[in-house]
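The opening position of the sequence shown corresponds to residue 1 in this note's numbering, with each subsequent residue numbered one higher. Report on one structure; see the data block that follows.
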Amino acid sequence: MIIGVLALQGAFIEHEAVLKRLHVECFEIRKPSDLDRRMDGLIIPGGESTVIGKLLVDMDMMNRIRKMILDGMPVFGTCAGMILLARNIVDGTVGSIGTMPVTVRRNAYGRQLGSFSADGSFGDLGGIQMRFIRAPYVDSVDKGVEILSVHEGKIVAVRYGNQLATAFHPELTDDDRVHRYFLSIVESSTC
Ligand code: GLN
């Protein structure tokens, strides 16, 4: 199994570190030709969704990544990655990949005081620690979207087919279970 990690901006190194801990091969996607490499899954990190979105458009990578996801490639987006995957964004100024039928609200916890940790639960995994950094949350979901995590009444993790998105940053904790959950999606899509 090999995972491509979008490495244009943001917290991609932290995802690579988790994959390394799990002995999963990965490579950085920095330019269009990197998308030609074989990959079984893609991670879109946290960062600044407006910046990543603009770079994806400017570098002619947005449409290609959208097509790969629509063709079934598993993808995991954290925070800005979740915003980029969302079909609708409340303050819709971000060019997005838009493959997940959800509506997200950017900087939903406020810009300055938006960084905090909380205990929550995630699907069948049970209790997890959630790190939020100027995070979005999901306002509403369309049919077919599975809600995996809710924090104080707000949806913070969703799955739609092979697409997984979290408003929080599992890559910033020692707990690898959310990544392993994503890798299980990748595994079942490749066999
Ligand atoms: N607030 C950022 C955005 O709108 C996301 C923050 C993050 O990824 N940690 O893109």
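We treat Cβ as the ideally placed atom computed from N, Cα and C, and that holds for glycine.
Below 8 Å between beta carbons: does that hold for residue i and residue j?
i	j	result
ILE44	LEU85	yes
GLY41	VAL75	yes
VAL18	ASP124	no
GLY120	ILE128	yes
ILE2	CYS26	yes
PRO136	MET82	yes
VAL138	VAL102	yes
MET62	ILE97	yes
THR78	THR166	yes
Going by DSSP, what residues sit across from residue i in a beta bridge?
i	result
VAL156	Answer by DSSP bridge pairing: none, since VAL156 is not bridged.
GLN129	ASP119
GLY77	ILE44, ALA165
ILE147	VAL158
SER140	THR103
LEU6	ILE29
ALA108	Answer by DSSP bridge pairing: none, since ALA108 is not bridged.
ALA86	MET100
Can you have a look at residue i and say buried or exposed, based on whether 16 or more other CB atoms are within 10 angstroms of its CB?
i	result
ASN162	buried
THR99	buried
VAL156	buried
ARG159	buried
ARG106	buried
VAL145	buried
THR190	exposed
ILE29	buried
HIS15	buried
SER149	buried
VAL104	buried
Which same chain residues end up closer than 6 Å to residue i when comparing Cβ atoms and leaving out the 5 residues on each side of it in sequence?
i	result
LEU8	ILE52, LEU55
LEU164	PHE76, PHE182
Leaving aside the five residues before and after residue i along the sequence, list all residues of the same chain whose C-beta is less than 7 Å from its C-beta, in chain order.
i	result
HIS151	ALA118, GLY120, MET130
ASP60	PRO32
ILE147	VAL141, ILE155, VAL158
PHE207	For the chain, the structure presents residues 1 to 191; residue 207 sits outside this window and is missing.
SER115	PHE132, ILE133, ARG134
ILE185	PRO74, ASN162, LEU164
LEU172	GLU14, ARG131
ASP91	ARG106
PHE122	ILE128, LEU148, SER149, ALA157, VAL178
Suppose the cutoff is 8 Å on Cβ atoms and the five residues either side in sequence are ignored; what does the same chain contact list for residue i look like?
i	result
GLU48	GLN9, GLY10, ALA80
ARG21	ASP176
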